[in-house]
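Participant: Residue numbers (this note's numbering): 81 to 184.
1. Using the beta-carbon count (16 or more within 10 Å), is residue 123 buried or exposed?
2. Taking the alpha helix (DSSP H) that residue 147 belongs to, which residues open and close that run?
3. Taking residue 105 as part of the alpha helix (DSSP H), name the residues at either end of that continuous run.
4. Thinking C-beta only, is residue 120 closer than 8 angstroms to residue 35?
5. Classify residue 118 as helix, strand or coil using the three-state DSSP reduction.
6. Look at the alpha carbon of residue 129 and the alpha carbon of residue 156, and state the distance between them as a whole number of angstroms.
7. In angstroms, rounded to a whole number, what distance separates the CA positions of residue 149 and residue 143?
8. For residue 175, which option in 166, 168, 161 and 154 has the closest C-alpha, if you only look at C-alpha atoms?
9. Where residue 166 and residue 131 are concerned, what is the direct C-alpha to C-alpha distance, given to the nearest angstrom?
10. If I measure Cβ to Cβ from residue 183 and keep anything under 8 angstroms in the same chain, skipping five residues before and after, which residues do I get?
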């Protein structure tokens, strides 16, 4: 029987728990399946392991918004803006700023 994407990513992370790309993929797979809290946990762990992984700030913030945790989303966007400003990633910074500006 063929493994699901979720199973494959979980298996990979059991061997390589610090792999940022695989953890990001796992978070995205949870999102795709509507498991918002599981996705949030994976984005949080990803940022704990690799605080320089800029896409996790945007998608983590989006996940927090969907969960109704707007203040936490706001803080995540701000942290991402700080990171991308320091690193010079203007495209990511503009996406994070736009997401922050759209929050009520």
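The beta-carbon is built from N, C-alpha and C at its ideal position, and this holds for glycine as well.
Facilitator: To lay it out plainly:
1. buried
2. Residue 147 -> no alpha helix (DSSP H), and no H or E assigned at all.
3. 100-112
4. Outside the shown range of the chain (81 to 184) lies residue 35, about which nothing can therefore be said.
5. helix
6. 15 angstroms
7. 9 angstroms
8. 161
9. 13 angstroms
10. 145, 150, 153, 154 and 157
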